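Here our numbering is used: the first residue of the sequence shown is 1, the next is one more, and so on.
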Amino acid sequence: MHDSNTEDNFLSQEAIHQLKQIVGDQNLNTESIFLQDWCNNTLGSFREIVGVIYPENIEQIKSILKICNELNILFYAISSGKNWGYGGASPVENNVLILDLSKMNKILEFNEDLHYVTVEPGVTQQDLYNYMKKNNYHFMVPTTGAGPDVSLLGNAVERGYGITPHEDHFGSLLSLKAILPNGEIYNSSLAELGGFSVDKIFKWNIGPYLDGIFTQSNLGIVVEVTIALVPTPKSVTQFVVFLDEENFESGIVAVKNIKTKLNGIVGGVNLMNKRRLLAMIETDWSQDKASEEIHVIEFAKKQDLPDWAMAGALYGENEVIGAAKKIIKKECGKISNKIVFLNKKKYELAQLALKVLPLTNLKKMLDNAGRALEVLEGTPSKVALPLSYLKNKKG
């Protein structure tokens, strides 16, 4: 059942008045010009938005939900709305009030001894990186290809995936707090029993595990999560294995073997085709040509790119990395004629060499390899975002 608040594609003056009393004039926008950008999304579909409201704390959210329930206003909550590859800011229904939680951007707790951080929805990968740099904390940000502006909370509750050691981002979510549709607060079970510290170090709590029902769902608004962090290892070494098309299936088997034999040493492993590789290194083309296979082949040949590349990173002490490299060479030596290992020291030496021999293409590839290495080290980067503009028209 819907009333005029949603059917006529606008909020009533009464609704606007009540909502502004909660968040202030500056934190509610119903102007049609402003809302135009919110109506579009990366899928090419269109959604009617009746307004965007920016709560700054839990009490404001509870009050907003009370009004929405009383006036029958559809609402949809986002963290940053930039979790590219999983979702954006676009709701699943038309005529919806967006609750943008980006102003709830506090890092509530950072525990250096127990390796966890508690954050609000608006805390991004870049925010956490800056915070740790400022306070001289040596931990890795759980980076993703979606870039620096992605909400840590949003990616975790979408069950996101990365390529640093904690590759399963929901797996590293230890506890959460959510607001139910009726305004009540849900806490992980140990916190409900008063164990507000214990619940942040033991994911499974006691009794039936319920935290998961708030992931990829609309059963509540998650307003706080605690995630486990990985200390920065002694050494991080990127590996890239070049593969021809005929060796692709063997490459998948090699990934399985590497993940099995080097469990805890290797993070996530990406298998990238020519388009994926080109997106990171090639800018010299028009968007009209970007999706045409003939131009992809042409540019890939110019850059001497393989059909596929297997890429990941090794984490640990130097001696461990040395042994792990031998295993990768053994697993991939028969299916690849080119295996590259790159760490920060080698990258810096290569940069010095290119100052003497300024080869443009090689410099471009090295720059992108360096940015990819930063992501593997837990530094947020936009290196993967150009892939969004390189889709194939055939699907």
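The C-beta atom is built at its ideal place from N, Cα and C for all residues, glycine as well. These figures come from a predicted structure and were not determined experimentally.
In the displayed model, L180 falls within coil according to three-state DSSP, outside both helix and strand. Judged by beta-carbon spacing, V253 lies beyond the 8 Å limit of V269, meaning their Cβ atoms are not closer than that value. The three-state reading of DSSP puts A313 in strand, counting E and B together. Burial check for I213: the Cβ neighbour count within 10 Å stays below 16, so the residue is exposed. G160 sits in coil when the DSSP states are folded into three classes, being neither helix nor strand. Straight through space, the alpha carbons of L277 and A191 are spaced by roughly 45 Å. In the three-state reduction of the DSSP assignment, D168 falls in the strand class.
Here the alpha carbons of T118 and G24 stand approximately 27 Å from one another. In the three-state reduction of the DSSP assignment, I252 falls in the helix class, which pools H, G and I. Across the structure, S336 and L180 are spaced so that their CA atoms are roughly 53 Å apart. Under DSSP, S235 forms a beta bridge with G316.
Only exposed fits F34, as fewer than 16 other CB atoms lie within 10 angstroms of its CB.
In terms of Cβ geometry, V50 and L97 form a close pair [threshold 8 Å]. Measuring C-alpha to C-alpha distances from M140 to each of P231, R371 and I328 identifies P231 as the nearest. Here D100 is buried: its Cβ has 16 or more other Cβ atoms, across all protein chains shown, within 10 Å. For Q216, same chain residues with a beta-carbon under 7 Å away, outside a window of 5 residues either side, are E158 and R159 in chain order.
For I67, the enclosing alpha helix (DSSP H) stretches over residues I58 to L71.
Per the Cβ contact rule, the region 38-47 is in contact with the region 81-96 (3 or more Cβ pairs under 8 Å). In this structure, D149 places its C-beta atom within 8 Å of the C-beta atom of S80.
According to the DSSP assignment, Y116 belongs to the beta strand (DSSP E) that extends over Y116 to V119. If you draw a straight line from the Cα of F341 to the Cα of V240, it is about 7 Å long.
When DSSP states are grouped into helix, strand and coil, G154 belongs to the helix group.
DSSP lists no beta-bridge partner residue for M132. The residue among E59, L305 and P165 with its C-alpha nearest the C-alpha of E184 is E59.
A straight line joining the alpha-carbon of A228 with that of L376 spans about 17 Å. I78 is positioned such that its CB atom lies no closer than 8 Å to that of A15. In the three-state DSSP reduction, F34 falls in the helix class (H, G or I). With a 10 Å radius around the Cβ and a threshold of 16 neighbouring Cβ atoms, I297 comes out exposed. Of the residues assessed, V225 falls on the buried side of the cut-off, its CB having 16 or more other CB atoms within 10 angstroms.
Between I339 and I327, the C-beta spacing is not below 8 Å. In summary, G264 is exposed, with fewer than 16 beta-carbon neighbours lying within 10 Å of its beta-carbon over all protein chains present. Ranking P142, T143 and L128 by CA distance to the CA of N136 puts L128 first. Taking the Cα positions, N57 is about 11 Å away from G122. For secondary structure counted as the beta strand (DSSP E) over 3 or more consecutive residues, the region 79-129 holds these complete runs in sequence order: 96-100, 107-111 and 116-119. Under the three-state reduction of DSSP output, L193 falls in the coil class, being neither helix nor strand. Less than 8 Å divides the Cβ of A324 from the Cβ of L262.
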